[in-house]
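Okay, so here's the structure we're looking at.
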Amino acid sequence: MKARVQWTDGRQFVAESGSGHSVVIDGPPDHGGRNTGPRPMEMLLMGMGSCTAFDILNILDKARADVTDCVAELEAERADSVPSVFTRIHVHFVVTGRALKEKQVQRAVELSAEKYCSASIMLTNGGVEITHSFEIVEA
Numbered sequence: 017m018k019a020r021v022q023w024t025d026g027r028q029f030v031a032e033s034g035s036g037h038s039v040v041i042d043g044p045p046d047h048g049g050r051n052t053g054p055r056p057m058e059m060l061l062m063g064m065g066s067c068t069a070f071d072i073l074n075i076l077d078k079a080r081a082d083v084t085d086c087v088a089e090l091e092a093e094r095a096d097s098v099p100s101v102f103t104r105i106h107v108h109f110v111v112t113g114r115a116l117k118e119k120q121v122q123r124a125v126e127l128s129a130e131k132y133c134s135a136s137i138m139l140t141n142g143g144v145e146i147t148h149s150f151e152i153v154e155a
């Protein structure tokens, strides 16, 4: 896997993935940025959220669950001192579908957290406390 991050101006960067997709990353004005994109740590949090949601959809698809929507809502706490790493992350999944089974959704969340989500497992191994919850909404 490869990526390229090019500085553009102030504290703004354009990051390009190895698959050819780009995103603007920027800092707040009080740190020389112009607030034109997410912060680097926000990108990390969004990446983890999309990684685990991706897993959950794959697992539920294989179980032939009729999922119509999946949202991962993340809240993170960071250390007060430098480096201000993530110390805790809570992920709440809102899974919408038809006749979804609670045990299937729970198992999908557990499998993502314990076996499949490279991003969250890497953060957990680095000392971040990650918790999960979910709710099911009937479509």
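Those letters in the sequence shown? Residues 17 to 155, per my numbering, in order. We treat Cβ as the ideally placed atom computed from N, Cα and C, and that holds for glycine.
CA-CA distance, D85 to A129, rounds to 19 angstroms. Contact between M62 and L139 fails: their C-beta atoms lie close to 13 angstroms from each other, not under 8 angstroms. Taken atom to atom, the span from the alpha-carbon of D25 to that of G53 is near 13 angstroms. By the neighbour-count criterion, in which 16 or more other beta carbons inside 10 Å mark a residue as buried, S136 falls on the buried side. A distance of 8 angstroms or more separates the beta carbons of F102 and F150. Burial is judged here by how many other beta carbons sit within 10 angstroms of a residue's own beta carbon; D77 has fewer than 16 and is exposed. Listed in chain order, the beta strand (DSSP E) elements of length 3 or more contained wholly in the stretch 81-105 are 82-94.
Beta bridge pairing from DSSP links A124 with no other residue. Secondary structure of D42 (DSSP, three-state): coil.
In the structure shown, the three-state DSSP call for H148 is strand. Between A92 and A69, the beta carbon gap of about 16 angstroms keeps them out of contact (Cβ cut-off 8 angstroms). When secondary structure is reduced to three states using DSSP, S66 falls in the helix class. Sequence-distant Cβ neighbours of Q22 in its own chain, meaning closer than 6 angstroms and more than five residues away, are V30.
Between V125 and H148, the gap from beta carbon to beta carbon is short of 8 angstroms.
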